[in-house]
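**Q**
Here it is in structure tokens:
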């Protein structure tokens, strides 16, 4: 359970960093790309001992790590497009509701436990995610021509979580977790560099030191959010559907509280209801595993 808590705390720090990007005018794409290289470096120098880096392409998990690295940068760009076309609330809902994908895969593909408490908790969790993510009284509105973008964000985010579960269960040895995580970030960073180089040739690239600092601030908690999540998935006594539900909903609840305390966010009634449902869902899902 400690690994799950550490993953949630790391993800909450990511939320704070993203909020500060807006305040200080940080270029999110540049910071994200720097963040991938920082996260990769944290793994290489902090959690990998005696590994032969030249043998990474021969690892059984290497193709999966490449796929995840591609999905990381692809989902980010899709989220940016969705924000521009449909608003931030749509992205928040699509990203957080994607927890349904790994939860359902855990139950149906891995025959993980179900029960009244757990199913109720999962349903409340999905309701909580929606209610806390929508910050306007009108709810969310998506034009039919733009529906494909949040749908791809939803699928991409869900596939990332599901793939992490599959790879860590089937291919990643315990002493390879750091190397596996770093390879994912390195792949995403290299793809991001191609994007920046392309922007440079097109004359659209404007580099800034604050984007570098923003990437460093994001990269460290980003690495730990994945590293500790993989360790949490290996925890005894908790199946993946429980871990993913508690992880996503805890991030929603704590990030909402941090938004109130640090950024003086004003919540609507439905946001408060969502926060209450989030806490209740965590209690139900946790108790279902006991």
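Residue numbers (the numbering used here): 17 to 306. We treat Cβ as the ideally placed atom computed from N, Cα and C, and that holds for glycine. The model shown is predicted, which means the values in this text are computed figures rather than measured ones.
1) First and last residue of the alpha helix (DSSP H) that includes residue 166?
2) Report all residues from its chain with a CB closer than 6 Å to the CB of residue 293; omit the five preceding and five following residues, and keep chain order.
3) Just the Cα atoms here: how many angstroms apart are residue 90 and residue 108?
4) Count the other CB atoms, across all protein chains shown, that sit within 10 Å of the CB of residue 132; report buried if there are 16 or more and exposed otherwise.
5) Terminal residues of the continuous alpha helix (DSSP H) containing residue 50?
6) Around the C-beta of residue 127, are 16 or more other C-beta atoms found within 10 angstroms, so that it is buried, or is it exposed?
7) In the DSSP assignment, the alpha helix (DSSP H) including residue 249 goes from what residue to what residue?
8) Span of the alpha helix (DSSP H) holding residue 73?
9) For residue 173 versus residue 272, is the C-beta spacing smaller than 8 Å?
10) Check whether the region 82-96 and the region 198-216 are in contact - that is, three or more C-beta pairs closer than 8 Å.
11) With a CB to CB cut of under 6 Å and the five nearest residues on each side skipped, what residues in its chain are close to residue 50?
12) With DSSP run on the structure shown, which of helix, strand or coil describes residue 208?
13) According to DSSP, simplified to helix, strand and coil, what is residue 128?
14) Would you decide whether residue 2 is buried or exposed? Buried here means 16 or more other CB atoms lie within 10 Å of its CB.
15) How long is the line joining the alpha carbons of residue 277 and residue 32, rounded to whole angstroms?
**A** Looking at the atomic coordinates:
1) 164-186
2) 140, 143, 144
3) 16 Å
4) exposed
5) 44-62
6) exposed
7) Start and end: 225-249.
8) Boundaries for residue 73: no alpha helix (DSSP H) harbours it, and the DSSP string shows neither H nor E there.
9) no
10) Yes: at least three Cβ pairs fall under 8 Å.
11) 228, 231
12) helix
13) coil
14) Lying before the first or after the last residue shown, residue 2 is absent from the chain, which here runs from 17 to 306.
15) 11 Å
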